[in-house]
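Q: Numbering (mature numbering (1 follows the signal peptide of the UniProt record, and there is no 0)), first residue to last: -18 to -1, 1 to 338.
Glycine included, each C-beta is placed from N, C-alpha and C at the ideal position.
#1: Taking all protein chains shown into account, decide if residue 182 is buried (16 or more other Cβ within 10 angstroms of its Cβ) or exposed.
#2: How would you label residue -12, buried or exposed, when you count the other beta carbons within 10 angstroms and need 16 or more for buried?
#3: Can you tell me where the alpha helix (DSSP H) holding residue 335 begins and where it ends?
#4: Could you pull out every residue in the same chain whose Cβ sits closer than 7 Å to the Cβ of residue 296, ignoring the five residues on either side in sequence?
#5: Can you pull the DSSP bridge partners for residue 85?
#6: Measuring alpha carbon to alpha carbon, tell me which residue in 124, 125 and 151 is nearest residue 132.
#7: Short of 7 Å in beta carbon distance, which residues of its chain neighbour residue 172, apart from the five on each side in sequence? Order them along the chain.
#8: Output the residue ranges of the alpha helix (DSSP H) runs that lie fully inside the stretch 110 to 191 and measure 4 residues or longer, sorted by chain position.
#9: Three-state secondary structure (DSSP) at residue 46?
#10: Alpha helix (DSSP H) containing residue 306: first to last residue?
#11: Looking at residue 85: is its Cβ nearer than 8 Å to the Cβ of residue 30?
#12: Assuming residue 338 and residue 103 form a contact by the criterion Cβ under 8 Å, report the distance between their Cβ atoms to the nearest whole angstrom.
#13: How many Å lie between residue 274 and residue 89 at the Cα?
#14: Taking the CB atoms as reference points, tell me whether residue 327 and residue 118 lie closer together than 8 Å.
#15: What does the Cβ neighbour count give for residue 154, buried or exposed, with the cut at 16 atoms within 10 Å?
#16: Please state whether the Cβ-Cβ distance between residue 80 and residue 59 is less than 8 Å.
#17: Identify whether residue 68 lies in helix, strand or coil by the three-state DSSP scheme.
#18: Is DSSP giving residue -12 helix, strand or coil here?
#19: Kindly indicate which residue of 313, 65, 294 and 100 has the alpha-carbon position closest to the one of residue 92.
#20: Checking the sheet assignment: what are the DSSP bridge partners for residue 90?
#21: Does residue 58 come out as helix, strand or coil in the three-state DSSP assignment?
#22: Could you check the C-alpha separation between residue 315 and residue 57 for me, to the nearest Å?
#23: Put residue 25 into one of helix, strand or coil per three-state DSSP.
#24: DSSP on residue 316, reduced to helix/strand/coil?
#25: Taking only three categories from DSSP, how would you classify residue 107?
#26: Go through its chain and collect everything with a Cβ distance to residue 14's Cβ below 7 Å, but skip five positions before and after it.
#27: What are the residues that DSSP puts in a beta bridge with residue 346?
#28: Between residue 293 and residue 332, is the Cβ-Cβ spacing less than 8 Å?
#29: Does residue 34 pass the burial test, meaning 16 or more other C-beta atoms within 10 Å, or should it be called exposed?
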């Protein structure tokens, strides 16, 4: 009996070790390969000369960035390298000062740094499987996310919140750094927040008084393909919603200004194509007197708008109608990417690409 218990414990320990190794290996592999288009460093890694105010970075021989500089970029002393201090600024004038076992980089003075454009997209993501989240994190920071909110939902497995990836914030940061180094255009690492209780998160974080409340707000939801009286009655009538571990509470809904009414949709849970919706709410750009017949894309209009964008993406099984109404109550508009049902790992980069 005890031998069986011991063998089970050894197997579980080996499985946990293998998972931790796989996540660490993934982060390390991505950081050391061709994806480093800008050398990133923490402010705590930098030494500042008291007299000249020049910043110097020393990378140890076992640092993945050292390996990339030597074996991928093949840089020599005096060569320039695009660099950045995370959340502080970037420079294109850093130079390799010395290469031996360690690599020494002269970053110059911080007064010569520039910030680049800070991402203006906030992403609310129903927690997917931890392995899928690990693959999505570098994609998010590469495409540009200001704040990432990982939230629970009815169709999210509660055990996912106890995964090793969410407990070890260092691994999340490492994966986000990989995407930021790939993107090259800014130095802002996404803020990560975790909220297990969806209703509490929506009520507290998405109110008009919060930063997110001032954004353009959209929630991904597939279009309704069929209409019938029962479906219409169900979608227009509020129903009790049960949180995991909570009690039934009848939600009260207010009429939210909904552009769908203007285009003839009859269901409050019908969604618009994201490009059509963004095109309708963002003011047109001033006409170009040089090219009066030129057209601007949705991307051009989104980029010109000063407001941020908050995107809510549900779990693989989709949002419940009651969860969608929680977001609608806070002014979220339902949008879709067409009639096809998409996995999270496809929907996230598509929506972020359109929003950016």
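A: A quick look at the data gives this:
#1: Exposed, by the Cβ-count rule.
#2: So residue -12 counts as exposed.
#3: It spans 326 to 337 - the alpha helix (DSSP H) in which residue 335 sits, taken as one unbroken run.
#4: 108, 135 and 202, listed in sequence order.
#5: 41 and 81.
#6: Nearest in C-alpha terms to residue 132, of all of 124, 125 and 151, is 151.
#7: Within the same chain, Cβ atoms closer than 7 Å to the Cβ of residue 172 are found at 122, 123, 127, 128, 129, 130 and 158, the five residues on either side in sequence being excluded.
#8: Counting only runs of 4 or more, we get 112 to 125, 146 to 149, 151 to 165 and 180 to 187.
#9: Correct three-state label for residue 46: helix.
#10: Residue 306 -> alpha helix (DSSP H) spans 303 to 311.
#11: In this structure, residue 30 does not lie closer than 8 Å to residue 85 by Cβ.
#12: Going by Cβ atoms, the distance from residue 338 to residue 103 rounds to 6 Å, so yes, they are a contact pair.
#13: Because residue 274 carries a pLDDT of 41, less than 50, the predicted location of this residue cannot be relied on, and no value is offered for it.
#14: A contact, by the Cβ cut-off of 8 Å.
#15: By the 10 Å Cβ count, residue 154 comes out buried.
#16: Yes, the Cβ-Cβ distance between residue 80 and residue 59 is below 8 Å.
#17: Reduced to three states, the DSSP call for residue 68 is coil.
#18: Three-state DSSP puts residue -12 in a helix.
#19: The closest CA to that of residue 92, considering only 313, 65, 294 and 100, is found on 65.
#20: Looking at the DSSP assignment, residue 90 forms a beta bridge with 37.
#21: Coil.
#22: If you draw a straight line from the Cα of residue 315 to the Cα of residue 57, it is about 50 Å long.
#23: It is helical.
#24: Strand, per DSSP.
#25: For residue 107, the three-state secondary structure derived from DSSP is strand.
#26: In this prediction, residue 14 has a pLDDT of 40, which is less than 50 and means its spatial position is unreliable; nothing more can be read from the coordinates.
#27: No statement about residue 346 is possible, as the shown extent of the chain runs from -18 to 338 and does not include it.
#28: Residue 332 is positioned such that its CB atom lies no closer than 8 Å to that of residue 293.
#29: Classification of residue 34: exposed, given that the 10 Å Cβ count is below 16.
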